[in-house]
Amino acid sequence: MIDWFVDNDIMYADLLLPLGNRANPPEGWTGPEPYTRYMLDAFERWWALDGDAPHIRFFEMMIRAHLGYKPELDALGGDLGALCVVETNGAIGISDVISVCGGYNGTDLINVWDTGLDEHVDKLDVDLVQKPCSTCQSCPEFSACNGGYLPHRWDGVGFDNTSLYCETLYALSARIREAIASSLPASMIKTKEVAA
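In terms of the working numbering, the sequence shown is residues -15 to 180.
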């Protein structure tokens, strides 16, 4: 895929994980391993191309996260409070994809006729809904994925779960962190000393 982007002069692209969640995994789901392998292989090829590689937003956002920038991309836990979706019937939602999850946040409870666009965060409890679970918040790779894409966390009841692709996000983040560290001079890398 990465070589195809290069061969076809595509300079900006993205690689996203398929829609699915704990309640409704993607068709043919056998677990995250094939997606983990795909993303890691794609990253290795992309990283090896260096300056000849196209911009892959997912990879670049994870790299920036490891350098201290909070990802803006919703696929990496970006703040959905800054996003407001207005459906063709006037309904206001958190994200167009949340509606496939069902539940309170997937219904047309508020609309443009009786709710200001600046009110959707409070009326739809966006901050509470998007809050990553405690497992995510204690993960060493959390700063790069921020719990992942909100629809991937749905379990049929709520979003207080790790992503269906947690293993994939973890492996990719760890590999990216390793790639960044290996490209820096040794004098720039701090290591923790273990007490005897």
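Every residue, glycine too, gets a C-beta built ideally from N, C-alpha and C.
Membership of Leu153 in the alpha helix (DSSP H) is indicated by the continuous run 150 to 167.
Apart from the 5 residues on each side of it in sequence, Val70 sits with its Cβ closer than 7 Å to the Cβ of Ile76, Val96 in its chain, given in chain order. In the structure shown, the three-state DSSP call for Gly140 is coil.
With a threshold of 16 other beta carbon atoms within 10 Å, Arg21 falls short and is exposed. Taking all protein chains shown into account, Pro2 has fewer than 16 neighbouring C-beta atoms within 10 Å of its C-beta and is therefore exposed. Here the segment 46 to 61 makes contact with the segment 150 to 169; the two share three or more CB pairs at distances below 8 Å. Per DSSP, the unbroken alpha helix (DSSP H) holding Lys107 starts and ends at 104 to 107. Per DSSP, the continuous alpha helix (DSSP H) segment holding Trp30 begins and ends at 17 to 33.
Put simply, the segment 136 to 152 touches the segment 102 to 119. At least three CB pairs are less than 8 Å apart. Non-local beta-carbon contacts of Met45 in its own chain, meaning distances under 6 Å to residues more than five positions away in sequence, involve Pro55, Leu57, Leu60 in chain order. Three or more beta-carbon pairs separated by less than 8 Å are not found between the segment 8 to 22 and the segment 164 to 173, which leaves the two stretches without contact. In terms of Cβ geometry, Arg137 and Asn5 form a close pair [threshold 8 Å]. In this model, Asn73 and Arg161 are separated by some 44 Å (Cα to Cα).
Gly65 and Ile78 have their C-alpha atoms spaced approximately 8 Å apart.
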